[in-house]
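All letters in the sequence shown, in the order written, are residues 12 to 207 by my numbering.
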Amino acid sequence: MKNPNSLVARRQAPLGPLYRADPAKALSYKEVRTRYSGTTDAVHGTVFPTGFPDVAWDYGIDDTVGGFDDLPNPGHLLCAALAACMDSTVRMIADRLGVRIERLEVEVNGDADVRGCLAMSRSVRPGFRQMQCRLALELDPGVDPQVGAMLVRQTEKLCVTLDTLRNGTPIAVDFEVAHPAHTEPDLAAGQPGPTA
Numbered sequence: 012m013k014n015p016n017s018l019v020a021r022r023q024a025p026l027g028p029l030y031r032a033d034p035a036k037a038l039s040y041k042e043v044r045t046r047y048s049g050t051t052d053a054v055h056g057t058v059f060p061t062g063f064p065d066v067a068w069d070y071g072i073d074d075t076v077g078g079f080d081d082l083p084n085p086g087h088l089l090c091a092a093l094a095a096c097m098d099s100t101v102r103m104i105a106d107r108l109g110v111r112i113e114r115l116e117v118e119v120n121g122d123a124d125v126r127g128c129l130a131m132s133r134s135v136r137p138g139f140r141q142m143q144c145r146l147a148l149e150l151d152p153g154v155d156p157q158v159g160a161m162l163v164r165q166t167e168k169l170c171v172t173l174d175t176l177r178n179g180t181p182i183a184v185d186f187e188v189a190h191p192a193h194t195e196p197d198l199a200a201g202q203p204g205p206t207a
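Pasting the structure below:
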């Protein structure tokens, strides 16, 4: 079952031959950055997605770890990434199949035992203990139930963010720490010198 009017199919049509001819072109690089602005506020910040100069995502830290709970926190951003990816994957597959969606709502939640983040217990890890993703999907009444089931299976199989979280993608962390010049105090002059 294919949709002859599928926007997604038209956009993806040239990609298959391109990626078969040159698999390196199929690699999709994503990058975001934060920038410290010298503020003394340690519980708020902004994420800037590279390539989108007019977009910025403000975040805050929740009160369970000493923040104010006044903005979405990084855990919300993680849940949002999964929700957005699941939502778009469902809709793109439905578009290709010509399946009309009457309603779609994706809810993602997770919980973390913040004692791990606060270094209160070595036996408690700081990350989410579990995450749940719930999709409420209502299709056009004329859609064959088998097509609906295939849509669900394909979404779970092809969602990039779901696969990333489920399969423990390796993450390399590289800290570049700069230290200001350190000088020893001039004890002969009786004046303390700067310290790091």
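All residues carry an ideal CB built from backbone N, CA and C; glycine is no exception.
- Proximity of the region 22–31 to the region 44–59 falls short of the contact definition, fewer than three beta-carbon pairs being nearer than 8 Å.
- Sorting Arg21, Gly109, Ala53 by C-alpha distance to the C-alpha of Asp155 places Gly109 at the top.
- DSSP places Tyr70 within a strand segment (E or B) once states are collapsed to three.
- A contact between stretches requires three or more CB pairs, one per stretch, nearer than 8 Å, and the region 83–103 meets this requirement with the region 61–72.
- Counting only runs of 4+ residues, the alpha helix (DSSP H) found wholly inside the region 107–177 occupies 156–169, 171–177, in chain order.
- Here Thr61 carries a coil assignment [DSSP, helix/strand/coil].
- The straight-line gap separating the alpha-carbon atoms of Lys41 and Gly62 is approximately 9 Å.
- According to DSSP, residue pairing for Val43 in a beta bridge involves Pro60.
- One Cα belongs to Phe186, the other to Leu169, and the distance between them is close to 33 Å.
- Scanning its chain for C-beta atoms nearer than 7 Å, with the 5 sequence neighbours on each side dropped, one finds around Ala105 the residues Ile112, Leu162, in chain order.
- Straight across, the Cα-Cα distance linking Pro25 with Arg114 is about 30 Å.
- At the C-beta level, Glu167 and Leu173 come within 9 Å of one another.
- For His55, the secondary structure class from DSSP, reduced to helix, strand or coil, is strand.
- DSSP places Val19 in the uninterrupted alpha helix (DSSP H) bounded by 18–23.
- For Ala32, the enclosing alpha helix (DSSP H) begins and ends at 26–32.
- If you check the CB distance, Gly159 and Leu146 do not come in under 9 Å.
- The C-alpha of Asp73 is placed about 15 Å away from the C-alpha of Thr57.
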